[in-house]
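For the sequence shown, the numbering used here gives the first residue as 273, with consecutive numbering after it.
Ideal placement from N, C-alpha and C gives every residue a C-beta, glycine not left out.
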Amino acid sequence: MVLGPDELEKAVAILKKNNVLAIPTETVYGLAGNIYSEEAIAKIFELKKRPLNNPLIVHLHKMEQLQEIVKEFPPKAKLLAERFWPGPLTLVLKKGDNVPDLVTGGKDTVAIRIPDHPVTLALLEQLPFPIAAPSANPFNRISPTSAAHVTGYFQDALAVLDGGSCKKGIESTIIGFDGEEPVLYRLGSISKESIEETVGEVRIQNKAKSAPNAPGMMKKHYAPTTKTYLTENAKEMASLMEGKKVGLLRFTGKSEDPKYDHIEVLSPSGDLAEATTNLYGALHRLDSMKLDMIIAERVPNIGLGLSINDRLERATQ
Ligand code: TXA
Ligand code: MG
């Protein structure tokens, strides 16, 4: 069932009945449930086939709700929240006693964000509880950036509140803390440079060590079902392509080339923000074309390009 943005009452009723609902955000669609309902949270894990030790993000609509959720709010977390909320920033902070262990995978920290989407902010305002929402895709699949992507995955098993296509296009940037010092757990819709403008240099949690802190950051993630290869330059892949139906994902340039069955150009004008917005839609389209393989070209490794390349690496492990 797809609910229009004017059907908030129905969305509220679903969530109040301990059911789950897909919601739009500016990053990707989320699979939402009441954080205080064991039944709802269990349904989220079950639908996504997600391991129980992989914690969920709690979504709020105003900063005042933080008191209910966290024990500490370090000064640099406050600076980041003031600059980026509502927006694609997730902060991992010491959790308050109210927050159920099921939501945090048994950790003593909780991930929180205030999403920047008018429909979901209006929904949250009408609810007497915050919602937990992972991305609304089955475990290890490409995140959904439209209501159609969500129904493609879950059909009638999940109602979707349609808020249009997601304007940022990849998940939030996640920042945790080592004492007072911010640590980048997941590259996302806010570039590392923008974070650093606010709080100075941040270290990226190294990949091997990231597993215990951000269990969702396992290597294989965000993956198409079609075999996907990542390269600096698609020309290098010519020998693999013989006799195959091949799709190409490229940053910029031509969208026609007889060597390929289909080409997705992320940004004709070479703009990394536009490429980020288009990334998952392009991967979803390529993955639905019954190709033998997808070749993805790396984008320039600066600004949001780091986040795009991170997702492409995970899609091709
Ligand atoms: O943009 C987003 O963040 C989207 C929208 C729906 O808000 N949500 C999202 O959720 O991407 P999910 O569950 O797909 O990814 C959340 C990531 C996971 O990698 C999880 O392990 C990590 O956040 N995470 C959650 N709680 C954490 C915690 N307490 N400590 C460390 N990592 C945590
Ligand atoms: Mg996810």
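- In summary, Arg475 is exposed, with fewer than 16 beta-carbon neighbours lying within 10 Å of its beta-carbon over all protein chains present.
- Residue pairing from DSSP places Arg475 in a beta bridge opposite Val455.
- Per DSSP, the continuous beta strand (DSSP E) segment holding Gly519 begins and ends at 518-522.
- Taken atom to atom, the span from the alpha-carbon of Ile316 to that of Val432 is near 14 Å.
- Look at Glu298: its beta carbon is at least 7 Å from all of the heavy atoms in the ligand MG.
- In the DSSP assignment, Thr381 falls within the beta strand (DSSP E) that extends over 381-385.
- Rounded to the nearest whole angstrom, the C-alpha separation of Thr445 and His493 is 16 Å.
- A contact is defined here as three or more CB-CB pairs under 8 Å, and the region 579-589 meets this definition with respect to the region 495-508.
- In the three-state reduction of the DSSP assignment, Met509 falls in the helix class, which pools H, G and I.
- A Cβ-Cβ distance of about 5 Å is found for the pair Asp564 and Lys517, placing them in contact under the 8 Å criterion.
- Taken in chain order, the unbroken stretches of alpha helix (DSSP H) that lie wholly in the region 311-359 and span 4 residues or more are 338-341, 347-356.
- In this structure, the C-beta of Ala294 stays at least 7 Å away from each heavy atom of the ligand TXA.
- Between the region 396-404 and the region 342-352 there are fewer than three C-beta pairs closer than 8 Å, too few to call the two in contact.
- Pro540 is classed as exposed because its beta carbon has fewer than 16 other beta carbons within 10 Å across all chains shown.
- Leu319 is positioned such that its CB atom lies no closer than 8 Å to that of Ala419.
- Short note on Val382: C-beta closer than 7 Å to some heavy atom of the ligand TXA.
- With a contact defined as Cβ atoms closer than 8 Å, Tyr552 and Ile442 qualify at about 7 Å.
- Setting aside the 5 residues that flank it on each side, Glu340 is surrounded in the same chain by Gly368, Asn370, Pro402, each with a C-beta closer than 8 Å to its C-beta; the list follows chain order.
- With distances taken between CA atoms, Leu456 lies nearest to Val364 out of Pro572, Val375, Val364, Leu558.
- Of the heavy atoms belonging to the ligand TXA, at least one sits nearer than 7 Å to the Cβ of Gly302.
- The alpha-carbon separation between Asn573 and Lys288 amounts to approximately 44 Å.
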